[in-house]
Amino acid sequence: MRLVDSQTGITDNEAFYQKIFAGQVSRRRLLVSQDPATVFSELLRGFYYGNETLLLDDSLYENEWKQWEGVAVANREPEEHSGKLPDELDDLRSWLSEHPGWGSVSLLTSGTTGKPQRVSHTLESLLRGVKINANQRGKVWGLAFNPTHIAGIEVFLQAFFNDCDLVNLFSLPPERVVELLLEEEVTHLSATPSFYRNLLPSLGQVELPGLERLTFGGERFDPVLVHRLRERFPAARITNVYASTEGATLLVSDTDIFTVPVGLEDSFRISDDKHLLVSQRLLGEFQNNEEWYDTGDRVEEISAEPLRIRFTGRDTDNVNVGGYNVNLAEIEDALRGLHEVREARVIPRQNSLLGQILVAEVVLQEPEVTEQQLREALEKRFQRYMVPRMISIVQELSLSRTGKLER
Amino acid sequence: MSDPVLKAVNEVRANLNLPALESLSDETHLRADLQMDSLDLAELAVRIEDVTGTDIFASGLVSTVAEVRSRLQEKG
Numbered sequence: 001m002r003l004v005d006s007q008t009g010i011t012d013n014e015a016f017y018q019k020i021f022a023g024q025v026s027r028r029r030l031l032v033s034q035d036p037a038t039v040f041s042e043l044l045r046g047f048y049y050g051n052e053t054l055l056l057d058d059s060l061y062e063n064e065w066k067q068w069e070g071v072a073v074a075n076r077e078p079e080e081h082s083g084k085l086p087d088e089l090d091d092l093r094s095w096l097s098e099h100p101g102w103g104s105v106s107l108l109t110s111g112t113t114g115k116p117q118r119v120s121h122t123l124e125s126l127l128r129g130v131k132i133n134a135n136q137r138g139k140v141w142g143l144a145f146n147p148t149h150i151a152g153i154e155v156f157l158q159a160f161f162n163d164c165d166l167v168n169l170f171s172l173p174p175e176r177v178v179e180l181l182l183e184e185e186v187t188h189l190s191a192t193p194s195f196y197r198n199l200l201p202s203l204g205q206v207e208l209p210g211l212e213r214l215t216f217g218g219e220r221f222d223p224v225l226v227h228r229l230r231e232r233f234p235a236a237r238i239t240n241v242y243a244s245t246e247g248a249t250l251l252v253s254d255t256d257i258f259t260v261p262v263g264l265e266d267s268f269r270i271s272d273d274k275h276l277l278v279s280q281r282l283l284g285e286f287q288n289n290e291e292w293y294d295t296g297d298r299v300e301e302i303s304a305e306p307l308r309i310r311f312t313g314r315d316t317d318n319v320n321v322g323g324y325n326v327n328l329a330e331i332e333d334a335l336r337g338l339h340e341v342r343e344a345r346v347i348p349r350q351n352s353l354l355g356q357i358l359v360a361e362v363v364l365q366e367p368e369v370t371e372q373q374l375r376e377a378l379e380k381r382f383q384r385y386m387v388p389r390m391i392s393i394v395q396e397l398s399l400s401r402t403g404k405l406e407r
Numbered sequence: 408m409s410d411p412v413l414k415a416v417n418e419v420r421a422n423l424n425l426p427a428l429e430s431l432s433d434e435t436h437l438r439a440d441l442q443m444d445s446l447d448l449a450e451l452a453v454r455i456e457d458v459t460g461t462d463i464f465a466s467g468l469v470s471t472v473a474e475v476r477s478r479l480q481e482k483g
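Heads up: the sequence lines are chains A and B, in that order. Take the first sequence: its position 372, counted from the start at 1, is 372 in the numbering used here, and no numbers get skipped. Take the second sequence: its position 68, counted from the start at 1, is 475 in the numbering used here, and no numbers get skipped.
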């Protein structure tokens, strides 16, 4: 396995092994780093020694550190690891596969649905979304997610357990990402729709014949984007993942409809208010005494047996404009569906006359289009109150630390 | 000196495909004369607020250009 980082160089098998086993062993470590080699080696060390690794990215550290000082130590008894050190990474892989409940990693949820909270995962829950078999070996994975967040960790584990190379693309400008995709012959890429939308214009006519799979996750499925990527990379398979910090990867599909897999029928339910509920036993450990965890994600039931669902958004997608309910995500989808638009964000703006009105920010694909033309295009499809009253044309839209577009 | 009220009114009108006005008299009635509905008025308020920092509807309804200007002066 090689970890290719354009800033810190290449970490090969030997160097990675050294990183894991050269340092001090402590039961519970707080790690504040964005460097994949550091984060992932500490993570593996924690799993091997049966310790808890608390991962925070720089942006959370300032605000959240105080809360973490009082967090209870992991619930296992202190115990030195009895086995001898593995001779090489291969030995470590097999040892960890056989002891997936030994150590843990703790993360903070993003807090978009309330106060950030700590979720603790063992390898067991993290490996549910990881495929380990001969077909997966020797691939080159692009790491587009923050390495301290759940999706970044899952991509790393997928690469590590299949002895694949991992190329760090996180927070690099799109032009640099394209260069690395080419130079390192990346075969597998997993990222948010926002990441792909930012990437597309920089791809130009670049051929990436080695690209086998494009995985989407972390945000609402974007059919227009998928269509554009399919046209651009007809040979690549497209996968859609439903995951969360609480549950890691929960569902996987080739389209926007997810089928609950055989054997997990009893672990997914739809509540009366159409939220997806997930059984506690599929999730990591966190403060939640309910047997069913409300994901806050709204779903539409496509069929009951087998249970097939489509995600329709979150409650926070809805705002009230002068007494009418508007789904912000629906308007964003429509804006992105216009060929003149690359990326769009629709936000409610407080107003004492109507409560809220909609305003939008868009990044254009075609520079000659005006605010008025965009509004007219939307007015053909939507009632007037659903059309953003001010559309600002911007150069780019900032993404959150998790690579998502935030309102 | 540019008039923030006139500028905002014309921005709203442009989006409604109405011609720009050269001036606004104090007696002009926003709904009756300029044919603005409540969505247009909310847009007007937000555009004026962006430039002046004042929400013209914060302390109740306004109907005429003179009332808008007076709200802006109160805060100014």
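Quick reminder that beta carbons are idealized off the backbone N, C-alpha and C, glycines included. In this text, all values refer to a predicted model and were calculated from it rather than measured experimentally.
Check whether the Cβ of residue 372 of chain A lies closer than 8 Å to any Cβ atom in chain B.
-> Mapped onto the first sequence, residue 372 of chain A falls at position 372. For residue 372 of chain A, the answer is yes, since a Cβ of chain B falls inside 8 Å of its Cβ.
Give, in chain order, every unbroken run of the beta strand (DSSP E) that is at least 3 residues long and sits entirely within the stretch 115-201 of chain A.
-> 118-122, 140-143, 165-168, 188-191
With respect to the alpha helix (DSSP H) encompassing residue 13 of chain A, which residues constitute its N-terminal and C-terminal limits?
-> Translated into the one-based positions of the first sequence, residue 13 of chain A becomes position 13. Where residue 13 of chain A is concerned, the enclosing alpha helix (DSSP H) stretches over 13-22.
At which residues does the alpha helix (DSSP H) containing residue 322 of chain A begin and terminate?
-> Locating residue 322 of chain A in the first sequence gives position 322, counting from the first residue. Counting along the chain, residue 322 of chain A falls outside any alpha helix (DSSP H), and DSSP gives it neither H nor E.
Can you tell me which of the three DSSP states residue 486 of chain B falls into?
-> Residue numbering for chain B in the displayed model covers 408 to 483; residue 486 of chain B lies beyond these limits and cannot be assessed.
Separation of residue 310 of chain A from residue 303 of chain A, as counted between CA atoms | Residue 303 of chain A sits at position 303 when you count from the first residue of the first sequence. Residue 310 of chain A sits at position 310 when you count from the first residue of the first sequence. In a straight line, the C-alpha of residue 303 of chain A is about 10 Å away from that of residue 310 of chain A.
Where does residue 227 of chain A land, buried or exposed, given buried means 16+ other C-beta within 10 angstroms?
-> Mapped onto the first sequence, residue 227 of chain A falls at position 227. Counting Cβ neighbours within 10 Å, residue 227 of chain A comes out exposed, since fewer than 16 surround it.
Measuring CB to CB, does residue 212 of chain A end up less than 8 Å from residue 248 of chain A?
-> By 1-based counting over the first sequence, the position of residue 212 of chain A is 212. By 1-based counting over the first sequence, the position of residue 248 of chain A is 248. Taking 8 Å as the Cβ cut-off, residue 212 of chain A and residue 248 of chain A do not qualify as a contacting pair.
Residue 371 of chain A versus residue 425 of chain B - alpha carbon distance = The sequence position of residue 371 of chain A within the first sequence is 371, counting from 1. The sequence position of residue 425 of chain B within the second sequence is 18, counting from 1. The straight-line gap from Cα to Cα measures roughly 15 Å.
Quick one: what's got a C-beta closer than 8 Å to residue 473 of chain B's C-beta in the same chain, skipping five residues either side?
-> Within the second sequence, the letter at position 66 stands for residue 473 of chain B. These residues qualify, in order along the chain: 433, 434.
In three-state terms, what does DSSP make of residue 10 of chain A?
-> Counting from 1 along the first sequence, the entry for residue 10 of chain A is found at position 10. In the structure shown, residue 10 of chain A sits in a strand (DSSP, three-state: E or B).
Could you tell me whether the Cβ of residue 445 of chain B comes closer than 8 Å to any Cβ of chain A?
-> Along the second sequence, one-based indexing puts residue 445 of chain B at 38. Closer than 8 Å to some Cβ of chain A, the Cβ of residue 445 of chain B qualifies, so yes.
Express the C-alpha separation of residue 32 of chain A and residue 349 of chain A in angstroms, rounding to a whole number.
-> Along the first sequence, one-based indexing puts residue 349 of chain A at 349. Along the first sequence, one-based indexing puts residue 32 of chain A at 32. Answer to the nearest angstrom: the Cα atoms are 35 Å apart.
Does residue 481 of chain B get closer than 8 Å to chain A when you measure Cβ to Cβ?
-> Numbered from its first residue, the second sequence carries residue 481 of chain B at position 74. Output row for residue 481 of chain B: interface = no.
Of all Cβ atoms in chain A, is any one closer than 8 Å to the Cβ of residue 448 of chain B?
-> Locating residue 448 of chain B in the second sequence gives position 41, where the first residue counts as 1. Residue 448 of chain B counts as touching chain A.
Below-8 Å beta-carbon distance, residue 354 of chain A vs any chain B residue | As a position in the first sequence, residue 354 of chain A is number 354, starting the count at 1. By this cut-off, residue 354 of chain A is an interface position.
Quick one: using the 10 Å Cβ neighbour count with 16 as the cut-off for buried, is residue 440 of chain B buried or exposed?
-> On the second sequence, residue 440 of chain B is found 33 positions in, with the first residue counted as 1. It counts as exposed.
Might you give, ordered along the chain, the residues of its own chain that have their beta carbon closer than 6 Å to the beta carbon of residue 70 of chain A, omitting 5 neighbours on each side?
-> Within the first sequence, the letter at position 70 stands for residue 70 of chain A. At residue 70 of chain A, the pLDDT of 44 sits below 50, so the modelled position is not reliable and the matter cannot be decided from this model.
Answer with yes or no whether the minimum CB distance from residue 104 of chain A to chain B is below 8 Å.
-> By 1-based counting over the first sequence, the position of residue 104 of chain A is 104. No - not a single Cβ of chain B is within 8 Å of the one on residue 104 of chain A.
By the criterion of Cβ-Cβ separation under 8 Å, what are the contact partners of residue 422 of chain B in chain A?
-> Along the second sequence, one-based indexing puts residue 422 of chain B at 15. Going along chain A in sequence order, the residues near residue 422 of chain B (Cβ under 8 Å) are 371, 372, 375, 389.
Taking Cβ positions only, does residue 323 of chain A come closer than 8 Å to chain B?
-> Sequence index remark: in the first sequence, residue 323 of chain A carries index 323 (1-based). So no, residue 323 of chain A is outside the interface.
Residues that residue 462 of chain B contacts on chain A, provided the C-beta gap is smaller than 8 Å | Along the second sequence, read from residue 1 onward, the residue named residue 462 of chain B stands at position 55. Neighbours of residue 462 of chain B on chain A, chain order: 351, 352.
Please confirm whether any heavy atom of the ligand ZN lies closer than 7 Å to the CB of residue 21 of chain A.
-> The model depicted lacks the ligand ZN and carries no ligand whatsoever.
Does residue 347 of chain A come within less than 8 Å of chain B when only Cβ atoms are used?
-> Position 347 of the first sequence, counted from the first residue, corresponds to residue 347 of chain A. Cβ-Cβ to chain B under 8 Å: no for residue 347 of chain A.
In whole angstroms, what is the alpha-carbon distance linking residue 103 of chain A and residue 242 of chain A?
-> As a working mapping, residue 103 of chain A is identified with position 103 in the first sequence. As a working mapping, residue 242 of chain A is identified with position 242 in the first sequence. Answer to the nearest angstrom: the Cα atoms are 25 Å apart.
Can you pull the chain A residues whose beta carbon is under 7 Å from the beta carbon of residue 465 of chain B, in chain order?
-> Position 58 of the second sequence holds residue 465 of chain B. In chain order: 352.
Proximal residues to residue 4 of chain A (C-beta, below 6 Å), its chain only, five neighbours per side dropped | Position 4 of the first sequence, counted from the start, is the residue given in the question as residue 4 of chain A. Same-chain partners within the cutoff: 10, 167, 184.
Closer than 8 Å by beta-carbon distance: list the chain B residues that pair up with residue 357 of chain A, in chain order.
-> For the purposes of this step, residue 357 of chain A is identified with residue 357 of the first sequence, where counting begins at 1. Residues of chain B passing the Cβ test: 446, 449, 450, 453.
For residue 143 of chain A, which option in A/165, A/378, A/262, A/393 has the closest C-alpha, if you only look at C-alpha atoms?
-> Translated into positions along the first sequence, residue 143 of chain A becomes position 143. Selected option, being the one with the closest Cα: A/165.
Does residue 384 of chain A have its Cβ less than 8 Å from a Cβ in chain B?
-> By one-based count along the first sequence, residue 384 of chain A stands at place 384. Yes, contact with chain B.
Would you call residue 137 of chain A buried or exposed, if buried means 16 or more other Cβ atoms sit within 10 Å of its Cβ?
-> For the purposes of this step, residue 137 of chain A is identified with residue 137 of the first sequence, where counting begins at 1. Residue 137 of chain A should be labelled exposed.
Compute the distance between the beta-carbons of residue 190 of chain A and residue 215 of chain A, then report whether it is under 8 Å.
-> Here residue 190 of chain A is taken as the residue at index 190 of the first sequence, counted from 1. Here residue 215 of chain A is taken as the residue at index 215 of the first sequence, counted from 1. Yes, Cβ-Cβ distance for residue 190 of chain A and residue 215 of chain A is below 8 Å.
Assigned secondary structure, residue 220 of chain A (DSSP; H/G/I helix, E/B strand, else coil) | Mapped onto the first sequence, residue 220 of chain A falls at position 220. Three-state result, residue 220 of chain A: coil.
Secondary structure at residue 411 of chain B, three-state DSSP: helix, strand or coil?
-> Indexing the second sequence from 1 puts residue 411 of chain B at position 4. In the structure shown, residue 411 of chain B sits in a helix (DSSP, three-state: H, G or I).
DSSP beta-bridge partners of residue 390 of chain A = Your numbering for residue 390 of chain A matches position 390 in the first sequence. In the DSSP output, where bridge partners are listed per residue, residue 390 of chain A has A/359.
Would you kindly work out how many angstroms separate the C-alpha atoms of residue 53 of chain A and residue 238 of chain A, rounded to a whole number?
-> On the first sequence, position 53 is the one that residue 53 of chain A refers to. On the first sequence, position 238 is the one that residue 238 of chain A refers to. In a straight line, the C-alpha of residue 53 of chain A is about 33 Å away from that of residue 238 of chain A.
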